[in-house]
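As structure tokens, the structure follows; a few thoughts come after it.
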Amino acid sequence: MAKVLVVDDDAHIRELVRLYLEDEGFDIIEKANGQEALEYAENHRVDLVILDIMMPKMDGWALCENLREFGEMPILMITAKGEATDRIKGFKLGTDDYLVKPFDPVELVLRVKALLKRYRISTASKIQLGGITLDRKSYHVIYHDGRTATLPMKEFEVLYKLGSHPGQLFTRDNLIEQIWGIDYEGDERTVDVHIKRLRERFTDCESDFRIVTIRGLGYRLEVYSN
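Be aware that the sequence shown starts at 1, since it is given in the UniProt record's numbering, and climbs by one per residue.
Below, the structure written as structure tokens:
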């Protein structure tokens, strides 16, 4: 399931959000302030962030702005600040949606699902590519004989992105924007390097799936068996 980072200095709000979202099968990570949340997001995959504005150490405005440097992920603000100027500021900094306290938890769940759907983030944490399974929760590759392997995070994300949409073409710019973020300043050859490494890792799985180069355009993954 999708991993949701909940950031609020009010433990009761965090618990309320966690209970309702866990009932829907989401994986919830709680943080009490923006600094802790940013440190977590820098080192772990997060599919959606729910954050408060008024927090110690780093407020929601700053957290939202920093998270946008990681690329495209849904951000939902929950706050007591309901004035139009605050909502406008939030949207300018990159939030996708806005709920004012007190809020209806059922509405929160619906908004979370809508954001994930808008971003086309799968609520499943595993996909199968022929004889192997990719587990996005653990970043493990599970082989049909029970063996497991762990990939570097970016390599896994590239393979998972391609594998989630078999047959779909992804340009290098698509992959950079969705995995490295729109502010990534490196060369697009980074994508080529990661594709080359993935091909080398999975030479024994070419009867199951293959990453195909579409010359001048990008890459797509083709699955041959399930």
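Glycine is no exception: its CB is placed at the ideal position from the N, C-alpha and C atoms. Model, not experiment: these values are computed from the prediction.
query: Sufficient close CB pairs (3 or more, under 8 Å) joining the stretch 61-72 to the stretch 26-40; result: yes
query: Simplified DSSP state of M153, which is helix, strand or coil; result: helix
query: Presumed contact (8 Å Cβ cut-off) between L76 and L115, rounded CB distance; result: 6 Å
query: CB of F209 within 8 Å of CB of G146, strictly; result: no
query: Cβ-based burial, V46 [other Cβ within 10 Å; buried from 16]; result: buried
query: Beta-carbon proximity check, T79 vs G60, cutoff 8 Å; result: yes
query: Proximity below 8 Å, CB of V17 to CB of L110; result: no
query: DSSP three-state assignment for H165, whether helix, strand or coil; result: coil
query: Closest residue to P74 among K89, E22, Y143 and V112 (Cα-Cα distance); result: V112
query: DSSP state of H12 mapped onto helix, strand, coil; result: helix
query: Pick from A2, R118 and R172 that is closest to I28, judged by C-alpha positions; result: A2
query: Integer-rounded CB distance, given that R220 should sit under 8 Å from G151; result: Per the sequence shown, the amino acid found at residue 151 is Leu instead of Gly. Rounded, the Cβ-Cβ distance is 19 Å, inconsistent with contact.
query: Same chain only: Cβ atoms within 7 Å of L21, ignoring 5 sequence neighbours per side; result: V4, I28, V109 and V112
query: Same chain, Cβ closer than 6 Å to K126, neighbours up to 5 away in sequence not counted; result: T133 and D135
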